[in-house]
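Reviewing the structure listed below.
Shown next as structure tokens:
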């Protein structure tokens, strides 16, 4: 066996896959992939329509300060059209099961340790929210309910639907049809694109300002695209969908709580 070199080690790190897409079986690869791409493109258009609804008929959940906790966005756009509908197709219409996403993964102790580290890193990316959330909690009589919803909601409308649809369903089939790098790139572009219409209509602050498309690309598009590339690479390499869901949830939890406690930055 030839000795390992830094270049060969890097190549091994980049190319190794726990489960290559070529070894994953699909019931109707071409038909499913076509349907998923059409749905992803339609979801971008739907995002603009949802933005108009929020702009003209806002229904903020519990008086939340961020439009992503508006009824139209959280319940209709995300929960119904990105969680319920695609998963109904995947599990009931197409007849897949959880094992088709889990791909036989049995975590070892090292997986649990590294998984916990990644979840904590995701959570602490937004620790700037903590002090202001704590200061706002005593001001609300229903603070426990707000805490509960602020913790559960990002799992149901962000972590679960986004990782299942874009990584678990779409990217895996693109990998099988094309190749890993192109699949990650196309998935990340589609994942980024659906964020932009609603932000263009409604964003204010770090995500950019409504009406300023270049600002939206810089404040929303660029960071979302980079995060999506990381998630896509992780999925392609490790096929650990549960960890992706949990890390995604951890990143979003504190901003969600800030919105429900009307914290402004």
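Numbering (our numbering), first residue to last: 671 to 935.
Backbone N, C-alpha and C define an ideal beta-carbon position, used for all residues, glycine too.
On a predicted model such as this, the values are computed, not experimentally measured, just so you know.
The beta carbon of residue 739 lies closer than 6 Å to those of 731 and 929 in the same chain, with the five residues before and after it left out.
Listed in chain order, the beta strand (DSSP E) runs fully inside the segment 753 to 822 amount to none, counting runs of at least 3 residues. Around the Cβ of residue 807, a 10 Å sphere holds fewer than 16 other Cβ atoms; the residue is exposed. In the three-state reduction of the DSSP assignment, residue 736 falls in the coil class.
By the CB criterion at 8 Å, residue 904 and residue 833 fall outside the cutoff. Exposed is the label assigned to residue 727, since fewer than 16 other Cβ atoms lie within 10 Å of its Cβ. In the structure shown, residue 728 adopts coil according to DSSP, grouped into three states. Contact between the segment 692 to 706 and the segment 832 to 849 is established, with three or more Cβ pairs separated by less than 8 Å.
Around the CB of residue 849, fewer than 16 other CB atoms lie within 10 Å, so the residue is classed as exposed.
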